[in-house]
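So the structure is just underneath, and the comments pick up after that.
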Amino acid sequence: MAIEIKSQESCQYDILSLGEVMLRLDPGEGRVHTTRQFAAWEGGGEYNVARGLRRCFGLRAAVVTAFAENPVGRLIEDFILQGGVDTRFIQWKDYDGVGRTVRNGLNFTERGFGIRGAVGVPDRGHTAASQIKVGDIDWEYIFGECGVRWFHTGGIYAALSDTTPDVVIEAVKIAKKNGTIVSYDLNYRPSLWKSIGGHAKCQEVNREIAKYVDVMIGNEEDFTACLGFEVEGVSEQIGNIQVESFKKMIATAVKEFPNFQATGTTLREVHTATVNDWSAICWHDGGFYESREYPRLEILDRVGGGDSFASGLIYGFLSANDPQLAVDYGAAHGALAMTTPGDTTMASCKEVEKIMKGGSARVVR
């Protein structure tokens, strides 16, 4: 049974994301605490998905977020514009000249190498995006008048502040009312939930959001931590993802949340920071679909690999409504995204499809 998705002709946007977009500062091959220079990128879990669908797959994308009105905010906006994502729904907040009341988020990120893992040091307190409140965004106009085929958000944005959980709930309710497909990446981050109610609040919020989600994305840890599902008994394991246990967990989850039309997760075994085994699995309409495996995948920058998986998965459903194609696009796109620096994709759709078909890394001339 296919997912019922609104037609392109009826909507201005194929994909809309809600989330915080930070300025990523990358020391390249160096380390944050010793470097004397940084490369600058934009990045944010929910936004990366929309950008991937625009930049790699050519779909019409927009983002809902907020920035402090200063040169740093405008720099992040410029990155978003370069990625082709529509900025019309970005809110701009007056900057006080200091950052006491509102500011833009920074994310210092080391890529890691060999036995040294990647390290992220976010600096995102009091950001403009975290201060969005219920009623600040005209969701009825966006979903009802403009029209959106697919809406994506996630657990990172939901955990940013006391107000963002209710913003997400407001958005998904109105999206569903207007026939927009909703995807949600659980993306459990205990450090974010700690100051706004901890694990109990995490489950309360995510279980409410889950009632309105069509496509739920997350691994076994995410489903356990955010939704409270625990399944004992493991017959197979790929790295730190217990495959049979995950399948049982999904079977339990879809009974409680029959609104789930599909779920997906990446499967990763970490040998070193730069060598991982990589694949993905998707559930849809009672069946499981697995991508090809990418053993000993060499990684330049792992940050954003999961977001690129999500954008490929969504593209497979939007373009062909095919769960096998969806998980194949997701796994290949995620793999390619981790071969380049930055949070966001530098891959083309042709490159993704070549990898899906088993294409080699021979030089292209």
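The numbers in the UniProt record's numbering rise by one with no breaks, and the one at position 215 of the sequence shown is 215.
Ideal Cβ placement from N, Cα and C applies to all residues, glycine included.
Quantities reported herein were computed from a predicted structural model and do not represent experimental measurements.
Proximity to residue i [Cα-Cα], best of the options
i: residue 288; options: 195, 141, 265; result: 265
i: residue 292; options: 228, 282, 299, 339; result: 282
i: residue 277; options: 296, 285, 286; result: 296
i: residue 180; options: 67, 128, 318, 336; result: 318
i: residue 368; options: 15, 32, 20; result: Since the first residue shown for the chain is 1 and the last is 365, residue 368 is missing from the structure and cannot be characterised.
i: residue 40; options: 28, 176, 49; result: 28
i: residue 72; options: 103, 330, 62; result: 103
i: residue 316; options: 304, 331, 123; result: 331
i: residue 366; options: 284, 311, 306, 273; result: This structure leaves residue 366 out entirely; the chain is present only between 1 and 365.
i: residue 174; options: 149, 352, 105; result: 149
i: residue 200; options: 225, 168, 30, 166; result: 225
i: residue 244; options: 275, 290, 163, 118; result: 290
i: residue 53; options: 136, 344, 359; result: 344
i: residue 187; options: 352, 329, 303, 284; result: 303
i: residue 14; options: 49, 127, 97; result: 49
i: residue 335; options: 325, 352, 185, 113; result: 352
i: residue 171; options: 185, 140, 284; result: 140
Rounded separation between residue i and residue j - CA only
i: residue 92; j: residue 314; result: 29 Å
i: residue 75; j: residue 251; result: 45 Å
i: residue 230; j: residue 246; result: 9 Å
i: residue 18; j: residue 45; result: 10 Å
i: residue 216; j: residue 155; result: 11 Å
i: residue 176; j: residue 323; result: 21 Å
i: residue 356; j: residue 259; result: 30 Å
i: residue 342; j: residue 267; result: 21 Å
i: residue 5; j: residue 16; result: 14 Å
i: residue 68; j: residue 129; result: 9 Å
i: residue 57; j: residue 348; result: 7 Å
i: residue 105; j: residue 202; result: 22 Å
i: residue 89; j: residue 65; result: 7 Å
i: residue 271; j: residue 169; result: 38 Å
i: residue 147; j: residue 7; result: 10 Å
i: residue 118; j: residue 307; result: 16 Å
i: residue 79; j: residue 61; result: 14 Å
i: residue 311; j: residue 116; result: 28 Å
i: residue 144; j: residue 197; result: 33 Å
i: residue 83; j: residue 125; result: 26 Å
i: residue 163; j: residue 354; result: 43 Å
i: residue 133; j: residue 222; result: 25 Å
i: residue 337; j: residue 135; result: 35 Å
Residue i - DSSP class collapsed to helix/strand/coil
i: residue 110; result: strand
i: residue 71; result: helix
i: residue 137; result: coil
i: residue 183; result: strand
i: residue 152; result: strand
i: residue 1; result: coil
i: residue 284; result: strand
i: residue 159; result: coil
i: residue 59; result: coil
i: residue 90; result: coil
i: residue 66; result: strand
i: residue 217; result: strand
i: residue 293; result: coil
i: residue 358; result: coil
i: residue 116; result: strand
i: residue 262; result: strand
i: residue 347; result: coil
i: residue 269; result: strand
i: residue 304; result: coil
i: residue 98; result: coil
i: residue 85; result: coil
i: residue 170; result: helix
Residue i, buried or exposed, once every other Cβ within 10 Å from all chains shown has been counted against 16
i: residue 212; result: buried
i: residue 138; result: exposed
i: residue 204; result: exposed
i: residue 298; result: exposed
i: residue 190; result: exposed
i: residue 63; result: buried
i: residue 10; result: exposed
i: residue 279; result: buried
i: residue 363; result: Reliability fails at residue 363, whose pLDDT of 49 lies under 50, so the model's placement of it is uncertain and the value that follows must be treated cautiously. Exposed: under 16 other Cβ atoms inside 10 Å.
i: residue 195; result: exposed
Cross-strand partners of residue i (DSSP beta bridge)
i: residue 298; result: 275
i: residue 16; result: 62, 151
i: residue 122; result: 107
i: residue 41; result: 24
i: residue 127; result: 103
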